[in-house]
Amino acid sequence: MSKFLEPSIKEIETEHLYRDMGLTDEEYQKVISILGRKPNFTEIGIFSVMWSEHCSYKHSTPFLKQFPT
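All residue numbers for the sequence shown refer to this note's numbering, where the first residue is 492 and numbers rise by one.
Structure (structure tokens):
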């Protein structure tokens, strides 16, 4: 059985791996603030999915507000 090695917390930050998962620098800092520590690879993945366009409409919300409700 092969073992998958996740990037270290240091690698996530220094190589900006969170950007590859769709998080901005500001969002990464918010994750740190929420957790009270630097997140691991799995936690970054969870936040990136929760805050993705598909789940949160973070980029399209301003446009959607233009439509009547």
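A virtual CB, placed ideally from N, CA and C, is assigned to each residue, including glycine.
Looking at the backbone, the Cα of Gly-513 and that of Phe-558 are separated by about 27 Å. Measuring C-alpha to C-alpha distances from Glu-497 to each of Asp-516, Met-541, Ile-535 identifies Ile-535 as the nearest.
Excluding five sequence positions before and after Leu-508, the CB atoms of its chain that fall closer than 8 Å to its own CB belong to Pro-498, Glu-502, Phe-532, Ile-535, given in chain order. DSSP places Arg-528 in the coil class of the three-state scheme, outside both helix and strand. If you look at Glu-506, you'll find it isn't in any alpha helix (DSSP H); DSSP assigns it neither H nor E.
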